[in-house]
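The listed protein sequences derive, respectively, from chains B and X.
Heads up: the first sequence begins at 1 in the UniProt record's numbering, then just goes up one per residue.
Heads up: the second sequence begins at 1 in the UniProt record's numbering, then just goes up one per residue.
Some notes on the structure that comes next.
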Amino acid sequence: MTVFLLRRLAGLAVVLLVASFLVYGLLYLVPGGPMAFLLGNRSGTPEQIAAIRAQYHLDDPFLVRYATWLGDAVRGDFGSSLVYRQDVSALMSARAATTTFLVGYSTVLIVVVGVAAGTLAGLRRGRVDNVVSAVSSAFLATPTFVIGVVLVIVFALGLGWFPVFGPGEGFGGRLYHLTLPAITLSLGSAAFLARITRASVREELGREHVETARSRGLAESLVIRRHVLRNASIPVITVTGLTVASLIAGSVVVENVFALDGLGSLFVRAILQRDFAVVQAVVLVLVTAFVLVNLVVDLCYKALDPRMSR
Amino acid sequence: MSVHKLHTSDKAESHSADGALLSLRGLGLAVPAGKEWRPLVEEVDLSIGRGEAVGLVGESGSGKSMTARTVLGLTPPGARVTGEIVFDGTPVTGADQRALRALRTRRIAMIFQDPRAHINPVRTIGDFLTEAMIANLEVPAPEAAARAVRLLADVGITDGERRMRQYPHELSGGLLQRVMIASVLAVEPDLVLADEPTTALDVTTQSEVMAILDELRRERGMAMLLITHDLELAAATCDRLAVMYAGRIVETQPATALTSTPRHPYTSGLMLSRPSIDAVVHRLPVIPGRPLAAFEADDGCAFAPRCAHAQGLCHEGRPPVQELDGARVACVRAGELTLQGES
Numbered sequence: 001m002t003v004f005l006l007r008r009l010a011g012l013a014v015v016l017l018v019a020s021f022l023v024y025g026l027l028y029l030v031p032g033g034p035m036a037f038l039l040g041n042r043s044g045t046p047e048q049i050a051a052i053r054a055q056y057h058l059d060d061p062f063l064v065r066y067a068t069w070l071g072d073a074v075r076g077d078f079g080s081s082l083v084y085r086q087d088v089s090a091l092m093s094a095r096a097a098t099t100t101f102l103v104g105y106s107t108v109l110i111v112v113v114g115v116a117a118g119t120l121a122g123l124r125r126g127r128v129d130n131v132v133s134a135v136s137s138a139f140l141a142t143p144t145f146v147i148g149v150v151l152v153i154v155f156a157l158g159l160g161w162f163p164v165f166g167p168g169e170g171f172g173g174r175l176y177h178l179t180l181p182a183i184t185l186s187l188g189s190a191a192f193l194a195r196i197t198r199a200s201v202r203e204e205l206g207r208e209h210v211e212t213a214r215s216r217g218l219a220e221s222l223v224i225r226r227h228v229l230r231n232a233s234i235p236v237i238t239v240t241g242l243t244v245a246s247l248i249a250g251s252v253v254v255e256n257v258f259a260l261d262g263l264g265s266l267f268v269r270a271i272l273q274r275d276f277a278v279v280q281a282v283v284l285v286l287v288t289a290f291v292l293v294n295l296v297v298d299l300c301y302k303a304l305d306p307r308m309s310r
Numbered sequence: 001m002s003v004h005k006l007h008t009s010d011k012a013e014s015h016s017a018d019g020a021l022l023s024l025r026g027l028g029l030a031v032p033a034g035k036e037w038r039p040l041v042e043e044v045d046l047s048i049g050r051g052e053a054v055g056l057v058g059e060s061g062s063g064k065s066m067t068a069r070t071v072l073g074l075t076p077p078g079a080r081v082t083g084e085i086v087f088d089g090t091p092v093t094g095a096d097q098r099a100l101r102a103l104r105t106r107r108i109a110m111i112f113q114d115p116r117a118h119i120n121p122v123r124t125i126g127d128f129l130t131e132a133m134i135a136n137l138e139v140p141a142p143e144a145a146a147r148a149v150r151l152l153a154d155v156g157i158t159d160g161e162r163r164m165r166q167y168p169h170e171l172s173g174g175l176l177q178r179v180m181i182a183s184v185l186a187v188e189p190d191l192v193l194a195d196e197p198t199t200a201l202d203v204t205t206q207s208e209v210m211a212i213l214d215e216l217r218r219e220r221g222m223a224m225l226l227i228t229h230d231l232e233l234a235a236a237t238c239d240r241l242a243v244m245y246a247g248r249i250v251e252t253q254p255a256t257a258l259t260s261t262p263r264h265p266y267t268s269g270l271m272l273s274r275p276s277i278d279a280v281v282h283r284l285p286v287i288p289g290r291p292l293a294a295f296e297a298d299d300g301c302a303f304a305p306r307c308a309h310a311q312g313l314c315h316e317g318r319p320p321v322q323e324l325d326g327a328r329v330a331c332v333r334a335g336e337l338t339l340q341g342e343s
């Protein structure tokens, strides 16, 4: 187990290294190079250009610059934003809290609603199954921003149960403020997870070892608990992991609809404004989160399925 | 073959229709296919006495497995069961779920063909062995574990303590099937339904596993219904044999009589198309055509299209079952034919 964890953490480090290199190198792959971004539409005098090149160490060899940037990044210093004239770390930390809370909240909703609905549909043929299938199709087909707008109109403006925008203060405040955004973010994924869960439960129900359990006269509830759900959870964990990882990037739309100042909206603005230090930092954070989520998924596999351990 | 019959004669005689442990009368099983019913098993009459071993022999799709599953109520969804199943004097057909569960819990146990698919891969061997004891027989967990280790020793697995902590993928197929046998012995049923218990194993372990199963069930006085496509194996293990073709039993005889004087052309064909170590033949005789499922057969004898002895009469209606010197045969020409048996 320890060996496995160490090996995976080493793998994580390698992935991050490669990702950071790509992220950093991207800046130099775009036509015009970094100078075009730094100057924007202005045309600078040779002195100005030389000054900027010196300020951003553009005359150093690429690898040296990369190493310097990486060294700073490891210590949490992602440089300063060109647009905000502020430390990137400071810019991100406040927004990351909002996004993390939103993603965490949505994950809980997705897992609870998706797995419950999927399991129910998988176990009960007939009406329950049909209703879950129809509802999940509808949610899957509706774009996130439409769901968001509808929820705002009905529950925030119409019924006045929830605030229209803002991230809220403190745990309770955040929970209250982020309820509609979290529901918006989770409906599609919950529907997806429900479908996967349903298919997985159905498949396990038809497995030979379930027949064995039945042939031994075990109570149906025991058969389902011990032999169907446990085994069916393996693909569900995979999909949950992938879904959560994609939520981090997918929160952009929701953050815009609900005017939340999160990592996603920061990211989009940074791209549009060619604020490269911010783009690099956000991408690196997203990659880290993605890899960490996958690590957690792999750990779950090991706990759930002994065949996965080597 | 290292398996030998020990006491065929007394077991065969102890069988009688009334005192039978399990008797199937006119058993039929059909599954819905569109608006029609598609028969898989038809008019099966079979009885098994206490402690008796009966072999149900037939090719793939002949309905032998389905017959066994029907006894335990493990039929495909929506299936229709007709006829009568009586176990120990109590009708099973039409029994409610509780009665069926009670039957599965203590009286009838099933050994499946492929232990790797039929044992939950994410639970330990120990879990598998003790689960039924703990859940159904209310044996305390430590006692169930101790009992499981003893059962593993009985089936020839000496390091039971270690095996109990292992997962199915860490065991070979032969060992897993022994585990499956141990799990069946754990509940001490009256009847074991063994559905091709050695088919998924390689040849060298087949005879070992079969010998263990046969010996242990004899010791404990359990009856067995052995489902197999291996006539030789069935003949070596069982007291009586029933041969199935296209969902029907075509011949039932005591094992020795069936192998020496088969009464149905299909049985004879099965025996002749088997390789023998003693005779060198360049090409094995085969039964022409392919085996049919019950729903594919037309009005006459289902075997008639492949039968060398078929006559006009064979194509007119299903041949009735007739008694002939202690044999039950469903062939209109059984009385006049002399068929070749074991060479």
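C-beta atoms are modelled at their ideal positions from N, C-alpha and C, and glycine is treated no differently.
As the structure is a computational prediction, the values presented were derived from the model and not from experiment.
Distance between residue j and residue i (C-alpha atoms, nearest Å)
i                     : j                     : result
residue 267 (chain B) : residue 169 (chain X) : 47 Å
residue 213 (chain X) : residue 324 (chain X) : 32 Å
residue 57 (chain B)  : residue 91 (chain B)  : 23 Å
residue 287 (chain B) : residue 145 (chain B) : 25 Å
residue 282 (chain X) : residue 342 (chain X) : 18 Å
residue 286 (chain X) : residue 60 (chain X)  : 16 Å
residue 14 (chain X)  : residue 210 (chain B) : Low per-residue confidence applies at residue 14 (chain X): pLDDT is 39, beneath 50, and the placement is therefore not dependable, though the value from the model is reported in the following sentence. Those two C-alpha atoms are separated by around 36 Å.
residue 95 (chain X)  : residue 171 (chain B) : 57 Å
residue 86 (chain X)  : residue 220 (chain B) : 24 Å
residue 162 (chain B) : residue 186 (chain B) : 17 Å
residue 106 (chain X) : residue 183 (chain X) : 12 Å
residue 10 (chain X)  : residue 21 (chain X)  : Summary for residue 10 (chain X): the model assigns pLDDT 40, below 50, so the residue's position carries little reliability, and this model does not support an answer.
residue 251 (chain B) : residue 216 (chain B) : 49 Å
residue 45 (chain B)  : residue 68 (chain B)  : 28 Å
residue 145 (chain X) : residue 189 (chain X) : 19 Å
residue 108 (chain X) : residue 110 (chain B) : 44 Å
residue 33 (chain X)  : residue 79 (chain X)  : 10 Å
residue 121 (chain X) : residue 43 (chain X)  : 38 Å
Secondary structure of residue i, DSSP reduced to three states
i                     : result
residue 242 (chain X) : strand
residue 90 (chain X)  : strand
residue 108 (chain X) : strand
residue 139 (chain X) : coil
residue 322 (chain X) : strand
residue 249 (chain X) : strand
residue 178 (chain B) : coil
residue 41 (chain X)  : strand
residue 144 (chain X) : helix
When the options are compared against residue i, the one with the closest alpha-carbon
i                     : options                   : result
residue 227 (chain X) : X:49, X:275, X:54, X:39   : X:54
residue 339 (chain B) : B:73, B:50, B:66, B:5     : The structure shown does not extend to residue 339 (chain B), since chain B is modelled only from 1 to 310, so the question has no answer here.
residue 70 (chain B)  : B:23, B:10, B:93          : B:23
residue 45 (chain X)  : X:300, X:305, X:244, X:79 : X:244
residue 84 (chain B)  : B:289, B:294, B:274       : B:274
residue 148 (chain X) : X:140, X:160, X:138       : X:160
residue 265 (chain B) : B:192, B:99, B:196        : B:99
residue 110 (chain X) : X:81, X:175, X:224        : X:224
Neighbourhood of residue i by C-beta distance below 6 Å, restricted to the same chain and skipping five residues each side
i                     : result
residue 127 (chain B) : none
residue 157 (chain B) : none
residue 16 (chain X)  : Per-residue confidence for residue 16 (chain X) stands at a pLDDT of 41, beneath the threshold of 50, marking its modelled position as unreliable; no derived number is given.
residue 274 (chain X) : none
residue 297 (chain X) : 246
residue 67 (chain X)  : 41, 44
Start and end residues, beta strand (DSSP E) containing residue i
i                     : result
residue 196 (chain X) : Per DSSP, residue 196 (chain X) belongs to no beta strand (DSSP E) and is neither H nor E.
residue 130 (chain X) : Run containing residue 130 (chain X): none in the beta strand (DSSP E); it sits in the alpha helix (DSSP H), 125-136.
residue 86 (chain B)  : No beta strand (DSSP E) holds residue 86 (chain B); DSSP gives it neither H nor E.
residue 62 (chain X)  : No beta strand (DSSP E) contains residue 62 (chain X), which DSSP labels as neither H nor E.
residue 328 (chain X) : 327-329
Other residues of its chain near residue i: CB distance less than 7 Å, five sequence neighbours each side excluded
i                     : result
residue 334 (chain X) : 263, 264, 322, 324
residue 271 (chain B) : 279
residue 65 (chain X)  : 195, 227
residue 142 (chain X) : none
Boundaries of the alpha helix (DSSP H) in which residue i is found, first to last residue
i                     : result
residue 180 (chain X) : 173-186
residue 312 (chain B) : A query on residue 312 (chain B) cannot be resolved here, the shown segment of chain B reaching from 1 to 310 and no further.
residue 253 (chain B) : 230-257
Own chain, CB closer than 8 Å to residue i, minus 5 neighbours either side, in chain order
i                     : result
residue 237 (chain B) : 297, 300, 301, 304
residue 345 (chain X) : Outside the shown range of chain X, which is 1 to 343, sits residue 345 (chain X), and nothing can be said about it.
residue 184 (chain B) : 144, 147, 148, 151, 254, 257, 258
Residue i beta carbon near the ligand HEM (any heavy atom closer than 8 Å)
i                     : result
residue 140 (chain X) : The ligand HEM is not part of the structure shown, which contains no ligands of any sort.
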